[in-house]
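For the protein sequence lines, the chains are F and Y, in the order given.
Residue 408 is where the first sequence ends in our numbering, and the numbering goes up by one at each step.
Residue 412 is where the second sequence ends in our numbering, and the numbering goes up by one at each step.
No residue lacks a Cβ here, since even glycine has one placed at the ideal position from N, Cα and C.
The structure displayed is predicted, hence computed values, not measured ones.
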Amino acid sequence: MPDPRPLWRQAFDSAEKFVGPKLESVVRTDEFARVTALSFQAQAALTRRLNGVTAKLWHLVNLPAGTDVLRLRAQVGALDREVRRLTLRLEQEQQAHRVEERTDDAPDQPDGRPGPHPPRGGTQRAADS
Amino acid sequence: MAVLDRIRHEVERNALRTRNGIRLATGTERVGVGQTPKDVVWRAGRCELWHYRNPNVTVSPPLLIVFSLVSRSYILDLTPGNSFVERLLAAGFDVYLLDWGVPDERDAQNRLEDYVDGYIPTAIERVRELSGADEVNLLGYCFGGVLTLLHAAHHPESPLRSLTVMATPVDFRHMGPLGEVFTTGGLEIDSVLDENGNLPPRIILQGFRALTPIAEVTRYVNLWEKLWSDQYVAAYQAMTSWSTDHIPFPGAAARETVDMLLRDNGMINDRLSVGGDPVHLADVTLPFLSVLAARDHIVPEAAASPLIDLVGSVDKHELRLDAGHIGLVVGRTAAKTTVPKIIEFLLTRSEVAR
């Protein structure tokens, strides 16, 4: 049966079959991992250095540098997380309390098991799709 | 005559290719994703709990889906007719989804415990409160599976009826170049964090692209070949948008992932801790299903398959499917095999009103 694929596609598939596994084996070598890591580290070092130089210049004229703003943002972020954690903790306590109340209110079933709980409708907001 | 027909056929296809190519390039016809109607029923920071509307709920307890931390959740509700969520709703489930939103500098300090001990249990309680059910069926997708496993192991008292995880890695030695850069390469996570303190999406995308270096070229070749097909182009648009649309990974959680899961291979070596407490997967004793894909290049089979032996459940099952990472929830394999099997597992652990 003749191959239904066009000629150009057959050529590409053959090339892919040849090149693909070779490239995949290259990216899975230790050397590739080391070189990639090294290039990321070099980029990070360069960025740090540049940031250091520009920060010094801004500080010379008594102005905050981008790194100072980033530090502030990180601190605000950490505070935000703490508030969120406390809010979640409080919410969990409130939920546990409500579930406890609900269990107490529900009439027991004939076999002694706690009764079913009625669904509780909370505020529902339409989601942005 | 046959030659003339072929020429006419090719001319027609090239006309369609041109039309679809212009549409793709100009973005005039965007595919609508995540369209199943839903309500936001709880919110904390960037995280939202979605409740999908279903007037015909016949299955109890409700199902809570926990999504991955590095990608967008609309893959589970891709397009009408090709939606995991849609199928679950049609089967009578009351479906909730925990979406993490897009992390920013306020999330950079989020650790795994924030999700495992904070967001997930609060969302479970919210689901119980809204549904009136005593228990919840929990389903974790990809890294969401890691979070649900850690939650179930750290909180054996959590009101869960069952746990299902899909494409969830446990043996991180098999995670390919993305992992090896940190293990063999010795890269420190701080070297790749962005100005917000998070792991930027472009690094995650580069890591995924390195797994199959030629796939990017093949993708365009496939597109050119089938550019005449409206159906293919729509599916291509939806899939390509999702697969290149990652979100930042909160820095502290990424650091813990690299140290505990990648370098220590904590799941396999039983060296897990959440919020300072040691956690053991053997403490997961609830009915359990692990779904893994044999052709998954993101979470290879070897990275996911040891999980079934690590959990302590007596009622545990593994579903190994001939699909790729995304094929588990999208496309024909998902519709024919994955979704019906997951539904079957969940139904046998639920009450169904006839």
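Quick one: list the residues of chain Y neighbouring residue i, beta-carbon separation under 7 Å, in chain order.
i	result
L349(F)	E253
E370(F)	T180
R328(F)	Under the 7 Å cutoff, chain Y gives no residues; its nearest Cβ is about 13 Å from R328(F).
V298(F)	I272
V332(F)	Correct list: empty, because the minimum Cβ distance to chain Y is about 17 Å.
L316(F)	The sequence given here places Ala at residue 316(F); Leu does not occur at that position. Simply V239, G243, G244 and L245.
Quick one: which chain Y residues come within Cβ less than 8 Å of residue i?
i	result
L429(F)	Chain F is shown only over 280 to 408; residue 429(F) falls outside these bounds and no answer can be derived.
Q320(F)	L245, E246 and S249
A323(F)	D248, S249 and V250
Measure from the C-beta of residue i to each C-beta in chain Y and report whether the shortest distance is under 9 Å.
i	result
D282(F)	no
E380(F)	no
G391(F)	For G391(F), the pLDDT reaches just 48, beneath the cut-off of 50, and the residue's location in the model is therefore unreliable, although a value from the coordinates is still provided. No, G391(F) does not count as interfacial toward chain Y.
Q374(F)	yes
A357(F)	yes
L286(F)	no
P398(F)	With a pLDDT of 38 at P398(F), under the threshold of 50, the modelled position of this residue cannot be trusted, and the question is left open.
A312(F)	yes
V306(F)	yes
A344(F)	no
S408(F)	Here the model assigns S408(F) a pLDDT of 40, short of 50, so the residue's position is not dependable, and the following value carries that caveat. Answer yes: the Cβ-Cβ gap between S408(F) and chain Y drops below 9 Å somewhere.
Can a CB atom of chain F be found closer than 9 Å to the CB of residue i?
i	result
T241(Y)	yes
P235(Y)	yes
V410(Y)	no
R164(Y)	yes
D19(Y)	Outside the shown range of chain Y (59 to 412) lies residue 19(Y), about which nothing can therefore be said.
V275(Y)	yes
R313(Y)	no
R407(Y)	no
A268(Y)	yes
R321(Y)	no
E193(Y)	no
R260(Y)	no
R81(Y)	no
E413(Y)	No answer is possible for residue 413(Y): the residues shown for chain Y start at 59 and end at 412.
N72(Y)	no
How close, in whole Å, do the beta carbons of residue i and residue j come, if the pair is a contact with beta carbons under 8 Å?
i	j	result
L339(Y)	L207(Y)	6 Å
L236(Y)	N78(Y)	That belief does not hold up - the Cβ atoms of L236(Y) and N78(Y) are roughly 33 Å apart, past 8 Å.
N112(Y)	A311(Y)	No, N112(Y) and A311(Y) are not in contact; Cβ-Cβ is about 32 Å, not under 8 Å.
L170(Y)	C105(Y)	The pair is not a contact, with the Cβ atoms about 14 Å apart (cut-off 8 Å).
T241(Y)	R321(Y)	6 Å
G90(Y)	T137(Y)	7 Å
V250(Y)	H212(Y)	With 8 Å as the limit, V250(Y) and H212(Y) do not qualify as a contact, their Cβ atoms being about 28 Å apart.
H383(Y)	A225(Y)	6 Å
T270(Y)	E295(F)	Actually they are not in contact, since the Cβ atoms of T270(Y) and E295(F) sit about 11 Å apart, beyond 8 Å.
G243(Y)	T315(F)	6 Å
Name the chain F residues whose beta carbon is nearer than 7 Å to that of residue i?
i	result
S331(Y)	Those do not exist, as S331(Y) stays about 18 Å from chain F at its closest Cβ, beyond 7 Å.
R66(Y)	Per Cβ cutoff of 7 Å: no residues; R66(Y) is ~16 Å from chain F at best.
What residues from chain F crowd round residue i, counting only those whose CB sits closer than 8 Å?
i	result
N168(Y)	R360
Y177(Y)	L367
V397(Y)	Near V397(Y) there are no residues of chain F at all, since even the closest Cβ is about 21 Å away, more than 8 Å.
So, does the CB of residue i fall closer than 9 Å to a CB anywhere in chain A?
i	result
D309(F)	Protein chains F and Y are contained in the structure displayed, whereas chain A is not.
Which residues of chain F have a Cβ atom closer than 9 Å to the Cβ of residue i, listed in chain order?
i	result
R102(Y)	The question names Arg, but residue 102(Y) is Ala in the sequence shown. Those are R363, T366, L367 and E370, listed as they occur along chain F.
Which residues in chain Y sit within 9 Å of residue i, going by Cβ to Cβ distance?
i	result
A353(F)	E163, A166, Q167, N254 and G255
Practice task
Could you tell me whether the segment 369-388 of chain Y touches the segment 230-245 of chain Y, where touching means 3 or more Cβ pairs closer than 8 Å?
Solution key: no
Problem - Three CB pairs or more closer than 8 Å across the segment 146-160 of chain Y and the segment 109-118 of chain Y - result: yes
Exercise for the section: Assess, as a yes-or-no matter, whether the segment 121-139 of chain Y is touched by the segment 297-309 of chain Y under the definition of 3 or more beta carbon pairs within less than 8 Å. Expected result: yes
Exercise for the section: Say whether the segment 334-348 of chain Y touches the segment 253-261 of chain Y, bearing in mind that this needs 3 or more beta-carbon pairs closer than 8 Å, one atom from each stretch. Expected result: no
Handout entry: the segment 394-411 of chain Y contacting the segment 266-279 of chain Y, beta-carbon criterion three pairs below 8 Å
Key = no
Practice task
Specify whether the segment 343-358 of chain F and the segment 273-290 of chain Y touch according to this definition: at least 3 beta carbon pairs, one from each stretch, less than 8 Å apart.
Solution key: no
Exercise for the section: Determine which residues of the segment 279-297 of chain Y have a Cβ less than 7 Å from any Cβ of chain F, and write them out in chain order. Expected result: V279 and E283
Handout entry: Stretch-stretch touch, CB-based, cutoff 8 Å, three pairs: the segment 177-185 of chain Y with the segment 344-361 of chain Y
Key = no
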